[in-house]
Amino acid sequence: MRATLTAIVLVAALAAGGVSPGAAGETAATGATTTGATTTESATSESATPQEVVAKVWAASRFLGEKGASGYAAFNSKDGPWVWKDSYVFVYDCRLDRMVAHPLRPDLVGRPVKQIVDNNGKHIFVDLCDTGRQKGGGWVEYLWTKPGAGSVSRKISYALGADIAFASGIQVAAGVYDDDVSTADLATLTDRMADPTKYPAH
Amino acid sequence: MAEQKIGNPAVVGLAGFGLTTMVLQFHNVGWMGLGPVIWLGLIFGGLAQMIAGLQEMKTGNNFGYCAFTAYGCFWIALALLLVGNHYNLYVSSRTDIGWFLIAWTLFTAILWVGSLRISSALALTFTLLLAGFVLLDLAHFGYPELTVVAGYELMACAAMAWYVMAHLIFADVFGRDVLPVGRPWLRGPSAPAPTPLKVAAAKA
Numbered sequence: 001m002r003a004t005l006t007a008i009v010l011v012a013a014l015a016a017g018g019v020s021p022g023a024a025g026e027t028a029a030t031g032a033t034t035t036g037a038t039t040t041e042s043a044t045s046e047s048a049t050p051q052e053v054v055a056k057v058w059a060a061s062r063f064l065g066e067k068g069a070s071g072y073a074a075f076n077s078k079d080g081p082w083v084w085k086d087s088y089v090f091v092y093d094c095r096l097d098r099m100v101a102h103p104l105r106p107d108l109v110g111r112p113v114k115q116i117v118d119n120n121g122k123h124i125f126v127d128l129c130d131t132g133r134q135k136g137g138g139w140v141e142y143l144w145t146k147p148g149a150g151s152v153s154r155k156i157s158y159a160l161g162a163d164i165a166f167a168s169g170i171q172v173a174a175g176v177y178d179d180d181v182s183t184a185d186l187a188t189l190t191d192r193m194a195d196p197t198k199y200p201a202h
Numbered sequence: 001m002a003e004q005k006i007g008n009p010a011v012v013g014l015a016g017f018g019l020t021t022m023v024l025q026f027h028n029v030g031w032m033g034l035g036p037v038i039w040l041g042l043i044f045g046g047l048a049q050m051i052a053g054l055q056e057m058k059t060g061n062n063f064g065y066c067a068f069t070a071y072g073c074f075w076i077a078l079a080l081l082l083v084g085n086h087y088n089l090y091v092s093s094r095t096d097i098g099w100f101l102i103a104w105t106l107f108t109a110i111l112w113v114g115s116l117r118i119s120s121a122l123a124l125t126f127t128l129l130l131a132g133f134v135l136l137d138l139a140h141f142g143y144p145e146l147t148v149v150a151g152y153e154l155m156a157c158a159a160m161a162w163y164v165m166a167h168l169i170f171a172d173v174f175g176r177d178v179l180p181v182g183r184p185w186l187r188g189p190s191a192p193a194p195t196p197l198k199v200a201a202a203k204a
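Protein chains in written order, with this note's numbering: chain A, 1 to 202; chain B, 1 to 204.
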């Protein structure tokens with residue numbers, strides 16, 4: 001019931017102001033970025049590529065498989081290896097419905113995620129969880145605030161499960177901000193990267 | 001000089017076994033986090049059950065001596081595995097935990113046979129425990145959704161352990177057997193050896 005209420009309030013806030021998901025916390029987080037690290041922002045002018053996203057997500061899943069729960073903290077660091085260009089890896093628990101680690105949105109960490117809706121009313125993490133559960137993961141399209149930007153953009157994220165002891169719903173994801181690329185194209189790209197032998201060079 | 005009455009260590013062992021098993025299943029079905037599981041696992045399911053197990057030696061009960069001491073150690077090891085995984089100390093993967101559970105499944109299978117000679121209630125407790133371990137093994141090798149099934153199944157196991165505990169305590173305080181544990185499932189041609197559970201009931 002409380003979750004439904006929060007979702008309604010969130011939708012209302014989004015409809016009224018056109019702000020990004022998570023409303024209040026976002027302003028604070030963006031504020032901190034602008035005052036704290038101008039250099040980071042100039043670095044984000046370059047865009048992450050889908051290939052980089054896939055490689056980072058695979059590496060993140062493997063890293064958590066080796067490090068277990070002790071690996072979560074690394075994903076909360078803005079300066080760590082899981083933040084690059086305009087993208088970053090975030091970790092969430094689909095079974096316990098919570099954000100496990102997020103380098104740019106500490107306000108979301110530990111909070112329920114499945115109630116989060118974007119400007120189109122899409123339950124982002126419900127989709128991410130369904131897609132990430134598939135073997136080899138998959139791509140999900142939604143609206144989210146690009147780091148350092150004031151408004152929301154189309155984001156396409158690659159979600160993948162992480163095999164960790166004592167936790168069965170952990171997934172990792174990262175995305176590209178792109179107005180054109182389709183999830184189908186990206187699925188082909190992921191397949192090709194996973195098994196290059198299936199796509200012989202001509 | 002009258003002989004001083006001695007308590008039955010099994011009441012503490014069964015209490016610790018039942019309570020920590022119950023709390024772990026509250027976590028496995030998704031109701032609560034891991035914090036209380038770790039601390040109860042170390043102190044009640046671990047330390048207290050292990051001490052109860054060591055006290056069983058003096059009662060001459062090899063079954064209780066082995067079972068309580070071993071499952072006490074299981075809880076301490078499980079809690080330390082969780083702590084280790086949190087602090088990057090000898091991190092265990094999902095399959096590492098799977099093999100850990102398989103070893104405990106094999107061990108439980110031996111005690112399960114023993115339990116069949118003791119009482120219906122204890123045989124049921126160990127049957128549920130063995131089935132729970134098998135479900136958790138499968139959950140760690142390709143069927144993660146079985147964790148929840150094992151969770152509910154092992155809650156029944158914990159409740160059965162408490163039933164046997166209540167049998168012992170109530171027989172003591174009421175002066176008669178108010179919660180019978182039933183005859184052994186496995187009865188050979190020779191009469192089964194008297195077990196401490198029965199001895200305790202007889203004493204009371």
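Positions of the beta carbon are idealized from the N, C-alpha and C atoms, including for glycine.
Here the structure is a predicted model, which is why all the values come from computation and not from measurement.
Using a 10 angstroms sphere on the CB of B/R183, the tally of other CB atoms stays under 16, which defines it as exposed.
Its Cα nearest to that of B/I169, the residue B/A15 stands out among B/E3, B/T108 and B/A15. Within its own chain, the residues whose Cβ lies closer than 7 Å to the Cβ of B/N85, once the five positions on either side in sequence are excluded, are V91 and S92, listed in chain order. For the C-beta of B/I102, not a single chain A residue is nearer than 8 Å; the gap to the nearest is close to 14 Å. Chain-ordered, the chain A residues with CB closer than 7 Å to the CB of B/H86 read A69 and S70. Along the stretch 84–100 of chain A, going in chain order, the ones with a CB nearer than 7 Å to a CB of chain B are R95 and L96. For B/L78, the closest C-alpha among the options B/G53, B/K58, B/L34 and B/S119 is that of B/L34. A Cβ-Cβ distance of about 20 Å is found for the pair A/D79 and A/S47, leaving them out of contact under the 8 Å criterion. Listed in chain order, the beta strand (DSSP E) runs fully inside the stretch 91–160 of chain A are 98–101 and 138–145, counting runs of at least 3 residues.
The Cβ of A/F75 sits no closer than 8 Å to any Cβ of chain B. Neighbours of B/I97 in chain A, taken as residues whose beta carbon is under 9 Å from its own, are A165 and F166 in chain order. Note on geometry: alpha-carbon atoms of B/L154 and B/V23 lie some 10 Å from one another. Counting along the chain, A/I170 sits inside the beta strand (DSSP E) bounded by residues I170 to Y177. By alpha-carbon distance to B/G45, the top candidate from B/C66, B/V149, B/L136 and B/V12 is B/V12. By the CB criterion at 8 Å, A/S168 and A/R95 fall inside the cutoff. By the Cβ-count criterion, B/P9 is buried, with 16 or more other Cβ atoms from all chains shown falling within 10 Å of its own Cβ. At least one CB atom of chain B sits nearer than 8 Å to the CB of A/G65. Any Cβ of chain A closer than 8 Å to the Cβ of B/V91 would place that residue at the interface, and such an atom is present.
B/D137 and B/L80 do not touch by the CB rule: their CB atoms are close to 20 Å apart, not below 8 Å. An exposed status is given to B/F174, since fewer than 16 other beta-carbon atoms sit within 10 Å of its beta-carbon. Taking all protein chains shown into account, B/E56 has 16 or more neighbouring C-beta atoms within 10 Å of its C-beta and is therefore buried. A residue is called buried once 16 or more other Cβ atoms fall within 10 Å of its Cβ, and A/G150, having fewer, is exposed. According to the DSSP secondary-structure assignment, A/A167 is paired through a beta bridge with A/I164.
Close CB contacts of A/E141 within its chain, under the 6 Å cut and outside five residues either way in sequence, are with I156 and T183 (chain order). With its beta carbon at least 8 Å from every one in chain A, B/P36 lies outside the interface. The three-state reading of DSSP puts A/Y88 in strand, counting E and B together.
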